[in-house]
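Participant:
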Amino acid sequence: MHKSKELVERIKKYESKPILLENFFSSEDLDEFIFWFQESLKHKNFNTTRMEDASTQDNDTTSIPEGDIKNKVIAKLSEKVSPWINKDGQRNLEFEIAFHANKKAYGIHTDSGYDPEEIIYKQGIIPLVIKPEAATTHTVLLDQKCYHSSSFPCVSEDEQAQQYIEHLNFSNVIADEEFKKYWHDSELRRKQMFGFSICHPFEWKLGNTIIWDRAHIHCSSDFQATGAQYKLGLMWISRIL
Ligand SMILES: [Fe+2]
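For the sequence shown, this note's numbering begins at 240 and goes up steadily by one.
(1) Quick one: grab the DSSP three-state call for glutamine 399.
(2) Can you tell me the Cα-Cα spacing of lysine 309 and glutamate 426, whole angstroms?
(3) Could you check which residue in Phe391, Ile303, Phe263, Tyr360 has the C-alpha nearest to that of lysine 430?
(4) Return the first residue and the last residue of the beta strand (DSSP E) that aspartate 452 is part of.
(5) Are the beta-carbon atoms of lysine 470 and tryptophan 443 separated by less than 8 Å?
(6) Let me have the residue list for ligand 1: C-beta closer than 6 Å to any non-hydrogen atom, ordered along the chain.
(7) Is the beta carbon of threonine 378 closer than 8 Å to that of alanine 337?
(8) Please classify proline 322: is it buried, with 16 or more other beta-carbons within 10 angstroms of its beta-carbon, or exposed?
(9) Is asparagine 284 helix, strand or coil by DSSP?
(10) Is it buried or exposed, arginine 506, if we count other Cβ atoms within 10 angstroms and call 16 or more buried?
(11) Across the segment 448-462 and the segment 379-387, are there enough close Cβ pairs to call them in contact, namely three or more that are closer than 8 Å?
(12) Nearest CA to the CA of histidine 282: which residue from Lys256, Leu367, Asp307?
(13) What residue does the alpha helix (DSSP H) around leucine 483 start on, and which one ends it?
(14) How should glutamate 357 be labelled, buried or exposed, when 16 other C-beta atoms within 10 angstroms of its C-beta is the threshold for buried?
(15) Exposed or buried, glutamine 399, counting other C-beta atoms within 10 Å across all chains shown (16 or more means buried)?
(16) Ignoring anything shorter than 4 residues, give me the alpha helix (DSSP H) runs that lie fully in the segment 308-374, in order along the chain.
(17) In the DSSP assignment, find the unbroken beta strand (DSSP E) run with phenylalanine 462 in it and report its ends.
(18) Relative to the alpha-carbon of lysine 370, which residue among Lys244, Ala340, Tyr345, Gly352 has its alpha-carbon at the smallest distance?
(19) Considering Cα atoms alone, identify which of Phe274, Ile413, Pro304, Glu271 is closest to threonine 287.
(20) Do serine 436 and serine 388 come within 8 Å of each other at the CB atom, strictly closer than that value?
(21) CB of valine 247 to nearest heavy atom of ligand 2: below 7 Å?
(22) Who pairs with serine 436 in a beta bridge, going by DSSP?
(23) With DSSP run on the structure shown, which of helix, strand or coil describes glutamate 267?
(24) From threonine 465 to isoleucine 456, what distance separates their C-alpha atoms?
(25) What does the alpha-carbon distance come out to for the pair leucine 316 and serine 265?
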């Protein structure tokens, strides 16, 4: 079940351009988040791995803290970001958080929720660790939008997905020079990106963060193409209650 046209129109009224905040978190802030991530790893039920074999060296971990750790992370997060997304304090917001420790790039997707009644709002990412430190890595926000959560491995061949994506553009081709900054320029990668255009390539820098509408389709840059080996970030989503 997808969100109704009326609800999507309502959600759109809250939309804005991505908000880039540079030097926003101090190293003490980041250390605090990393500490909470490490604490959350001690709780088996908070953690899931992307690949089936948990023992593999290449595994990614998603940790969704609960209880006390969750409350602490959300308290700090909302204290910092609410002035940017709830300036007059008029909106009743709910946050959800997840730590993502990745050794492989995330594909093209949205985090727009599965609840057909949910008023999706903003989301953001807070880079915590990048290895090697000098490597560049990105979360690339695309111009296209989708109002329910989904992944889009090859949208040009997926007619069903095409119905739910706004601003798809199969006449647009990302220029070679631009493409190579973020992805390995292969036939497969080109095919995966076909139909999409770049809205904001957020380069991960410690202390920086970005806030964007949850309907924005986004993906990671290729680790192989940019020399990244590992990244840890705190991802948050919000809804209006
Ligand atoms: Fe995401």
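Cβ coordinates follow ideal geometry from the N, Cα and C atoms, glycine included.
Note that this is a predicted model, so its numbers are computed, not measured.
Facilitator: From the atom records:
(1) helix
(2) 42 Å
(3) Phe391
(4) 448-452
(5) yes
(6) His348, Asp350, His457
(7) no
(8) exposed
(9) helix
(10) With the chain covering only 240 through 480, there is no way to say anything about residue 506.
(11) yes
(12) Asp307
(13) The chain is shown from 240 up to 480; residue 483 falls before or after that span and cannot be answered.
(14) buried
(15) exposed
(16) none
(17) Unbroken run through phenylalanine 462 is the alpha helix (DSSP H), 462-465; no beta strand (DSSP E).
(18) Ala340
(19) Pro304
(20) no
(21) This structure lacks ligand 2; the ligands present are ligand 1.
(22) Serine 436 pairs with nothing; no bridge assigned.
(23) helix
(24) 21 Å
(25) 13 Å
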